[in-house]
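Take a look at the structure below.
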Amino acid sequence: MRLWALWLCAACLAAELWIVHSKTHRFADQAEAKREALLLKQQTKEERKAEFKQWMADFKKGYGGLEEEEEKFNIWNANMEETVDLNIRAKGTTFYGANALFDMTKQEWAAKYLMNLPAQRPMRKLLGKPPKPGPSPVPPTIRSKDWRTTGKGAAMESKYLIQTGQAFDVSEQQLNDCLYGRDGCQGGWGGDVYYYAKATAVCPEGSYGYVSGGYGYSLTCQATACSSQGRIQITGNSKLKAAMTTSRYLSKWPSADFNPYVVYVAGYTDAFVKIQPSTNAIADANAGGIYVPHTSQVAGGHLVLLVGYDMTNNNSAYWYWIVKNSWGTGWGEQGYFKIQVTAKGSCGM
């Protein structure tokens, strides 16, 4: 009996060693993604389960037992099938891959990551009348810009750094806990951050550290967690208010011309925008290339940050925005993605 058990274990090990793994993510380019998709399309269920195990190891996933693991595999496999088909049909430079959210259904993903909140309050009362678009602060011929290279990649902090020359790391936890209309980890509007900074002032990260990522919800507001000398506030801060006002006229996407956004991102700083991700966004914009929406179906509202753009290619089909997301480094290109520049804005910008 013992010899039979040893032989059976050896046979199982040999079978595992004979499985040739295909890549499900981290592709070098679209060509590799398509090659792997064709291989994945031919896999048996056992081979696909081996890919799932590898994905679990890559993204450090663990479940409560075999029953939950089987349930998660079925969800993952359905998302994988969709991604395989997307890669086989992919055009342009877009390609797709199994990201860290692949064990979630579309409904679970939308409920956790997309906002279903009341509209944000208008910023005109806070910032005053927006300036008339005058001469561009920089020539509109600047064909590319990436604010990440200068350490400016967060909306309010970037504006403060550019206007004052001083770095200020805003406490995300204070905003999570204290903002008007905020829903903690369920989302909130960028404009409400500015209202709060006018009314109350914002503490630095060092005085009011971030913990909601571990708890998954907001905590009790501690607006006085730091001294008044250590906070920033829009009221009385002419430079910060000027930076906020400059961005005011870009709060709505131009109907037929994206140039104001280009001028703003080129000359001032990054800008947050609302997008409406497609229902396939678990798979979309997850691996690389320039994302071009392939469906008109959308799944709610989401705020992202434009941190740059590239329009150096002579073919405008290859122009793209550089976008910072908030779903972790296991999504997209280390948390960022590229989305095609269009006159009316991709994904309902």
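Residue numbers (mature numbering (1 follows the signal peptide of the UniProt record, and there is no 0)): -22 to -1, 1 to 327.
All residues carry an ideal CB built from backbone N, CA and C; glycine is no exception.
Owing to the predicted nature of the structure, the values given are computational and were not obtained by experimental measurement.
Excluding the 5 residues preceding and the 5 following Tyr314 in the sequence, name in chain order all residues of the same chain whose CB lies nearer than 6 Å to its CB.
Lys302
How big is the Cα-Cα spacing for Glu59 and Asp36?
19 Å
Could you tell me the distance, in whole angstroms, from the CA atom of Arg26 to the CA atom of Asn154?
40 Å
Applying the criterion that 16 or more other CB atoms from any shown protein chain within 10 Å of the CB defines a buried residue, is Val189 buried or exposed?
exposed
Nearest to Tyr298 (by Cα), restricted to the options His280, Glu48, Ala11, Gly267:
Gly267
Among Trp54, Asn55, Val148, the one whose alpha carbon lies nearest that of Ala175
Val148
Three-state secondary structure assigned by DSSP to Ile317:
strand
Segment limits, beta strand (DSSP E) that includes Leu281:
280 to 288
Output yes or no for whether 7 Å exceeds the beta carbon distance between Tyr287 and Ile317.
no
Quick one: residues in its chain with C-beta nearer than 8 Å to the C-beta of Lys103, no 5 flanking neighbours on either side, listed in chain order?
Note that Lys103 has pLDDT 47, beneath the 50 cutoff, so the model's placement of it is unreliable and no number is given.
Whole-angstrom Cβ separation of Val180 and Gln152, contact assumed at under 8 Å?
6 Å
According to DSSP, is Trp(-5) part of a helix, a strand, or is it coil?
Any reading at Trp(-5) needs caution, since the residue's pLDDT is 38, under 50, leaving its predicted position unreliable; the model's value is listed next. Three-state DSSP puts Trp(-5) in a helix.
Can you list, in chain order, the residues of its chain with a C-beta nearer than 6 Å to that of Glu47? Leave out the 5 residues immediately preceding and following it.
Tyr41
From this set, Ala203, Arg121, Ala201, which residue's C-alpha is nearest Asn292's C-alpha?
Arg121
For Gly266, which residues does DSSP report across the bridge?
Phe73
Answer yes or no: the CB of Gly286 versus the heavy atoms of the ligand ZN, is any distance below 6 Å?
The ligand content of the structure shown is nil, which means the ligand ZN is not present either.
Just how far apart, CA to CA, sit Trp(-5) and Ser294?
Unreliable placement is indicated for Trp(-5), whose pLDDT of 38 sits below 50; the coordinate value is still reported in the next sentence. Their Cα atoms are separated by approximately 46 Å.
Cβ pair Cys199, Cys156 closer than 7 Å:
yes
If you measure between the beta carbons of residue 336 and Gly308, is that distance less than 7 Å?
This structure does not reach residue 336, given that the chain is present from -22 up to 327, and the question cannot be answered.
By DSSP, does residue 328 sit in helix, in strand, or in coil?
Lying before the first or after the last residue shown, residue 328 is absent from the chain, which here runs from -22 to 327.
How would you call Thr202, buried or exposed, if buried means at least 16 neighbouring beta carbons within 10 angstroms?
exposed
Residue 373: which of Asn55, Lys19, Glu86, Phe146 sits nearest, CA to CA?
Residue 373 lies beyond the range of the chain shown here (-22 to 327); nothing can be said about it.
Which residue wins for smallest C-alpha separation from Ala6, given the options Leu44, Ala56, Phe73, Val62?
Phe73
So within the stretch 5 to 44, which uninterrupted alpha helix (DSSP H) runs reach at least 4 residues, ignoring any that extend past its ends?
8 to 19, 23 to 36
Kindly indicate which three-state DSSP category Ile300 falls into: helix, strand or coil?
strand
Could you tell me the distance, in whole angstroms, from the CA atom of Lys31 to the CA atom of Tyr91?
25 Å
For Lys43, does the count of other Cβ atoms within 10 angstroms reach 16, so buried, or fall short, so exposed?
The displayed chain sequence assigns Gly, not Lys, to residue 43. Exposed is the call here.
For the beta strand (DSSP E) containing Lys90, list its first residue and its last residue.
Here Lys90 belongs to no beta strand (DSSP E); instead the alpha helix (DSSP H) covers 84 to 91.
Per-residue burial, residue 335 [other beta carbons within 10 Å of its own, 16 or more giving buried]
A query on residue 335 cannot be resolved here, the shown segment of the chain reaching from -22 to 327 and no further.
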